[in-house]
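S.K.:
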Amino acid sequence: MGTPRKCPDCGTKLVPIVFGMPGPELFDQAQQGNVILGGCCMMSINPTRGCTQCGWEYMPPPTDEFEEQYLRELLSRDE
């Protein structure tokens, strides 16, 4: 199963979630409902698509590479 195109809760078309400092054009796109501004801070894994109506977000499943990096970060905290 790939990335969903419609919200499983309300059926609205999902839009991309964009992270980073938005410029004026991106603000306009968000006001038009074409993207969701995800904020400036990113985590190790972030939602990629979201619903502008009910707020549902799609979080892609973690990859093996992500899990290995997460474990390395956890283990390095103990040192």
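If you're matching positions, the sequence shown starts at 1 in full-length UniProt numbering and goes up one per residue. The beta carbon of each residue, even a glycine, is placed where N, CA and C say it ideally should be. Remember, it's a predicted structure, so these values are computed and weren't measured experimentally.
#1: Comparing alpha-carbon positions, which option in Met59, Asp9, Leu14, Ile36 lies nearest Met21?
#2: Around the C-beta of Arg72, are 16 or more other C-beta atoms found within 10 angstroms, so that it is buried, or is it exposed?
#3: Does DSSP classify Pro16 as helix, strand or coil?
#4: Rounded to whole angstroms, what's the CA-CA distance from Thr3 to Ile45? Just pull it up for me.
#5: Thinking C-beta only, is Cys54 closer than 8 Å to Leu14?
#6: By how many angstroms is the C-alpha of Cys10 removed from the C-alpha of Phe19?
M.R.: So, from the data block:
#1: Ile36
#2: exposed
#3: Strand.
#4: For Thr3 and Ile45, the gap between their C-alpha atoms comes out near 15 Å.
#5: no
#6: Rounded to the nearest angstrom, the two C-alpha atoms are 24 Å apart.
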